[in-house]
Structures are given as C-alpha cells and as structure tokens.
Amino acid sequence: MKFNEEQLTEFKRLVARYPEGKQKSALLPVLHLAQESFGNWLSEETLDYVAELLQLKPIEVYEVATFYSMYNLKPVGRYLFEVCQTGPCMLRGSEDIIKYIGDTLGIKPGETSADGLFTLKTTECLGACGYAPMMQMGKHYREHLTKEKVDTIINECRKNAAVNN
Amino acid sequence: MGVKLLLEKAHVEGIRSYEVYRREGGYRSVEKALKTMSTDAIVDEVKKSGLRGRGGAGFPAGMKWSFIAKPEGVPRHLVCNADESEPGTFKDRYLMEFIPHLLIEGLIVSSYALGSHDTYIYIRGEYAWIVDILENAINEAKANGWLGKNILGTGFDCEIHVQRGAGAYICGEETALIESLEGKRGNPRLKPPFPAIKGLWERPTVVNNVETLASVVPIINLGGEEYAKIGVGKSTGTKLISACGNINKPGVYEIDMTISVEEFIYSDEYCGGIANGKRLKACIPGGSSVPILPANLLLKTAKGETRYMNYESLSDGGFATGSMMGSGGFIVLDEDQCVVKNTYTLARFYRHESCGQCSPCREGTGWMEKLLLRLENGQGKISDIDLLWDIQRKIEGNTICPLGDAAAWPVAAAIRHFRDEFEWHVTHAEEAQKRNYGLAHYAEPIHVPVTV
C-alpha cells in the first residue's frame, strides 16, 4: 500500500503548510487523505505507512486515529450514512429517520448491509441543526430528510453502485 | 429591518467569487488597514468597537489581541476557530459557505494587526465541502495580490492555510484546537501559559472564532466608535443567531442586539413563530451548554422586564432565572417536547465528546447519561434526580477546560426549571412511555404573537 503520484503530490502540499520540523501537524489531514485513498477506512497497515511517511512513531498515529470520530478503524460499506441524533435533530424527528433507514436496509446503527453497500451510523451534532433531520454522506450533507427523501437517496446509491461495478 | 454588517451582501448573486465580492466593496478594509493604519491602531479600533468573542465565551476581542507576546525573533500566529460544534450552532458554516471572502478579508487585516505571517483556519472535519470553498477564496485573494509576499507593496507577507479537523467537539476549545493543529489528540492544555504567550508550536498565538474575525471588516470600515454605536451596552455590533428546533423558519439571522426575544421568535423576519401552531415550551438560547429556560423566563426576566437578544439581558438573573448568549445557537422546544429526553441527548453528546483527561468529566458525563436514560425510560427513582444534581455540581469547575461546565449546566438548568417533569417520569412511569409531559404552568401566560 502506497500513495500514487497524485496522492503524493497532495501529501507534499499538506506537509508544506507547516514550518520545518513540524510535519506532525499534517497528521490529521494526511489521515483523511489516507482514508480516502485506501477504501474509506484506516487499517493498521495504513496507519504504519502514515507514520513512516511523516517520520512519527506508530503510537503517535494510533493515538490520534482512535481519538477522532471521523476515522473509520473498521471497514465500512460503500455508502456510509451518518445520521445526527443530538437534541436539535431529535426535536425534528431524527429518531424516526434512523429507524426508517435501519428498517429499509435491514441493519442497526453500527452495522453494514449484507451486500456491503451501506453502513448506518449515528453521530452527534454535525452543525446542521436548522436543516434537521440530516445526515452526512461522504463529503456532503443530506438535509431536511423525510422518508421519501431517504428512499430516493438509497435508490440513487443502488443505481450508482450498479453502474460503477 | 435591523442593521446588517456581515450578511448584508451574503445573497448578492455570485458573492462567493472574488470579482463580485470586490465589486460590492470587498477588501476595502485591507486597503485601509495596511496602507493607512499601524498595527497598534488596528488593535485600538477593535478595542474601541467593544467586539466580544463570538464563539461563546464573549471575551473582549481587542483585549485578547493586546495580550499577545512579542518576543524578538519568534513568529506569531493567528488561528481562526472554525470548529463549530456546539449543538444548535451553524452560523459560522453559513458565513463561510455563502460569503467566504468576508472571512478571508477579516483574516488578512487581523493577521497584519497581530503580525501573523502564517495564519491557520481550523475547520471541523465534517465541513469538508467548505474547505474547498475557502481554499478557492484564498487562491482568488492571492491571485489578486491580497495574500502572499509584500501585500499591496507594504512589505507585509501572509499566507492562510485551511486545516481540517476530524470530528471532535473538544477541538473548539482553543488549547485543544492548538494540540490538534500540532497533530495530536485534542486534549486541552493547562493554563497558564495562555496561548497568547505559548500557543501553536510554543509560539504566541491568538485563536478567534470565524464570526469574530469577520466582524473586524466592518469595524475597520466604520471605525471602532461607530461600530460600538450599534447594539446596546456591552453588546455592540451585530450577532449571528442560528435558530433551530420547533420553529417555522429555522436558519441563520443577523440581529442587532436591541430586539426582544419575543420578537425574534414570533416575527416573520426571523423565526416566524412556533411550528405547527403549537405553543412555546422552552428554549436553549445560546447553544446546548447554556441553561434551558421555560417560556415565561425566556420572554421576560424574573423582574418581569422584557428579555432582549443580547449578552446582558439573556444572562439577567444569573443561572437561577437567566441563561447566556453563548454561541448564538437558539434551540426552541414546542409544547410536545420532552425536557428529560432533550437533556438526555445533550448528556449523551457531552459523554461522547469528553476527551477523558479529567475524571469528573470523563466519569460524570457517562454517569449522567445513564441516569437520564433510565429516567426517560421510566425506570428511574426520585433519588436519581438528586443524584444527577449532585454529579453535575461535582463536575462544574473541576475540570481543565470548560467542557465539564458545558456538560453540567444543561442538566442543572433542566432540573432547576423542570423538576416536576423529571418527577413525573418516575411517578407516572407507564404514562411517560406513551406521551410527553406537555405544557406546564410555566408556559401558560404566552399570548398572541407580537406583530412587527
């Protein structure tokens, strides 16, 4: 496992933002890059590779990777639904949405569907309280969720997966 | 219509692009500051403006700037806190998403004032698409000579870098943010030393919220004294409020701080009243950590005076009968909502986000969450309510950073004002599973909405 040319260029751009000798500062962004590059999760092998690239001890990378909630330390489905469940979203019905997604996909929060396509997670506040209920899907938010909207999103994902397989 | 200083142009078509932003008068403050003002004069204007930190603590921004140490030969840094994570708060996101150049402009002037040649925006990792918007704005600013070497021929060099977090509320605390920016776990540091003396890489550092730094633009354009004339008392200028919960028009509103809470909730210019024709039960006016208030205490102070949307009025009565302006995350609960359940979700949030350094917070937040879940599920005892009260008291003030307080306050306020609702969950356990407590006497006096 290694970054390709393009990923290495991005790696260098990230490290160049910090003063000499402070390359550890690039750790969070480099972990994001590694996660995007290697299947949307961080294996031990990936973490060791990041440590080597940044000239850090592996433990320095492990302790960071386990602290922040956006790093997936287990494989996840191709589409990761992270639904907010904190107060403001709860007030606007996030529980029903979480249950509906779970029932539709036949999984509980934290699980991945048998076909490997979907993982459902609950998250805490994502800063979209005024557009609740909502979830994060990859780089973007899906807001003002309704059951109909959830159906549309799931169908979109299925279609997309069928085309790109 | 109140005065708008930040979002006035946010809906001009194409304002996200440099050309439109500049055509609408953007970057004037950089010209004025860099060409005609000394760095001390800029700090003075910010002091005169009375601007208070918009992240939640409300500390005077100019004073914070004046604390920065200037040891010979040591670089200084400005860090913009865009780690907006307090439940109910989504105002910085709005500003960065719709009018990114305003933040960049504020950052250039502030970097100049503080002598920061490498300025960092630390943005919460989930706002991934906004990173692209900001980097695009930075590149445009640079291409037009507002960033880089020798800006406007003044000899001032400045670069702005955007750093993504990775999902940790605690990184909104400034020393945790600095740790995170150094590539570590977000564990807050013991203070002193304060960041102004030893911050990022042990260098003097100022950390300010997005809205605070954007507000520097109108302060420089208008002058500190003119800016201070907007608002009332120590609540100067305008404030972004992100309104959410059970209202007709959730969203981000810029207010001048002279309007009443009642007008803010019921006027069509702002929240547009309570959704689905229901009545107001309670509100958390400044982000999830500030005390929740029942309707009667929200609209009027304990003395029976009108409560206004500003720092002083929202905190009138202290924690006994008042709340706080906080981050401006305005969360409204209608008559059907359950205070116990809402408090439970907040307790769960703080347990999830506790960094685990201090035992009162690490253990206490989990304990409160379990007790609240038990009460919510109708399995609680009356003594659990007293136990909750006891735990929150032992967290508050006993932790390195304010996350402990932030976790304790919502629980304390919920019990203080809604104790009967907690008790009802114990005494009417079965009924509590079927329906919510609903309205209580404290929400009764609400009358016809004001017309504006």
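Residue numbers (our numbering), protein chains in the order written: chain A, 58 to 222; chain B, 357 to 808.
Just so you know, even glycine gets a beta-carbon here, dropped at the ideal spot from N, CA and C.
Values in this document were obtained by computation on a predicted structure and should not be read as measured data.
| Check | Outcome |
| --- | --- |
| Answer yes or no: does any C-beta atom of chain A fall closer than 9 Å to that of B/E498? | Sequence check: residue 498 of chain B is Lys here, not Glu. False, the Cβ-Cβ gap to chain A never drops below 9 Å. |
| Between the C-alpha atoms of B/I640 and B/E719, what's the straight-line distance to the nearest angstrom? | 25 Å |
| Thinking C-beta only, is A/L183 closer than 9 Å to A/Q193? | yes |
| Starting from B/R791, find everything on chain A with Cβ-Cβ shorter than 9 Å and list it in chain order. | Correct list: empty, because the minimum Cβ distance to chain A is about 16 Å. |
| Hey, how far is the Cα of B/N577 from the Cα of B/L363? | 15 Å |
| In three-state terms, what does DSSP make of B/V368? | coil |
| Any idea what DSSP makes of A/M191, helix, strand or coil? | coil |
| Helix, strand or coil: how does DSSP classify A/F139 here? | The amino acid at residue 139 of chain A is misidentified as Phe; the sequence shows Glu. Correct three-state label for A/E139: strand. |
| Verify the CB distance criterion: does A/K81 have a CB-CB separation below 9 Å to chain B? | yes |
| Looking only at its chain, what residues have a beta carbon closer than 7 Å to the beta carbon of B/I802, apart from the 5 residues adjacent to it on each side? | Caution applies to B/I802, whose pLDDT of 46 falls short of 50 and renders its modelled position unreliable; the value that the coordinates give is listed next. So the qualifying residues of the chain are R635, L636 and A651. |
| Which residues, in order along the region 117–131 of chain A, keep a beta-carbon less than 7 Å from a beta-carbon of chain B? | E120, V121, F124, Y125, S126, M127 and Y128 |
| Counting Cβ pairs closer than 8 Å, one from the region 500–516 of chain B and one from the region 704–723 of chain B, do we hit at least three? | no |
| Provide the residue span of the beta strand (DSSP E) that contains B/Q519, from first to last. | F512 to R520 |
| Give the residues of chain A in contact with B/C600, contact being defined as C-beta atoms less than 7 Å apart. | P145, C186, G187 and A189 |
| Note the first and the last residue of the continuous alpha helix (DSSP H) segment covering A/R74. | Counting along the chain, A/R74 falls outside any alpha helix (DSSP H), and DSSP gives it neither H nor E. |
| Residues of the region 527–543 of chain B in Cβ contact with chain A at a cutoff of 8 Å, in chain order, please. | S536, L537, E538, G539, K540, R541 and G542 |
| Residues of chain B with a CB under 8 Å from the CB of A/K114: which are they? | Within 8 Å Cβ-Cβ: nothing; A/K114 doesn't reach chain B, min ~12 Å. |
| So the candidates are B/I526, B/I553, B/L556 and B/G643; which of them puts its Cα closest to the Cα of B/E709? | B/I526 |
| Measure the C-alpha to C-alpha separation of B/E800 and A/L148 and round it to an integer number of angstroms. | In this prediction, B/E800 scores a pLDDT of 49, lower than 50, which makes its location untrustworthy; no coordinate-derived value is stated. |
| Identify each residue in the region 506–523 of chain B for which the Cβ-Cβ distance to at least one residue of chain A is less than 7 Å, and report them in chain order. | H517, Q519, R520, G521, A522 and G523 |
| Assign B/G382 to one of three DSSP states: helix, strand, or coil. | coil |
| For B/H457, which option in B/N792, B/P647, B/G628 and B/I516 has the closest C-alpha, if you only look at C-alpha atoms? | B/I516 |
| Rounded to the nearest angstrom, what separates B/N495 and B/R378 at their Cα positions? | 14 Å |
| DSSP has B/A599 in a bridge; who is on the other side? | B/G607 and B/F686 |
| Name the DSSP bridge partner or partners of B/P641? | B/G643 |
| Who are the neighbours of B/A484 on chain A, taking C-beta pairs under 7 Å? | K196 |
| Which residues mark the beginning and the end of the alpha helix (DSSP H) in which B/D740 is found? | I738 to I751 |
| Go ahead and pull the three-state DSSP assignment for B/I507. | strand |
| One question on the structure: do B/I621 and B/I648 come within less than 9 Å of each other, judged by their Cβ atoms? | no |
| Hey, how far is the Cα of A/I155 from the Cα of B/I771? | 28 Å |
| How far does the beta strand (DSSP E) with B/C436 in it reach, from first residue to last? | H433 to A438 |
| Anything in the region 363–388 of chain B with a Cβ closer than 7 Å to a Cβ of chain E? List those residues in chain order, please. | Although the question refers to chain E, the structure presented lacks it and instead comprises the protein chains A and B. |
| Where does A/F175 sit, in a helix, a strand or coil, going by DSSP? | strand |
| With 9 Å set as the bound, which would you pick, yes or no: does the beta-carbon of A/C182 sit closer than that to a beta-carbon of chain B? | yes |
| Give the secondary structure of B/S536 by DSSP, where H, G and I count as helix, E and B as strand, and everything else as coil. | helix |
| In whole angstroms, what separates the C-alpha of B/V465 from that of B/Y374? | 17 Å |
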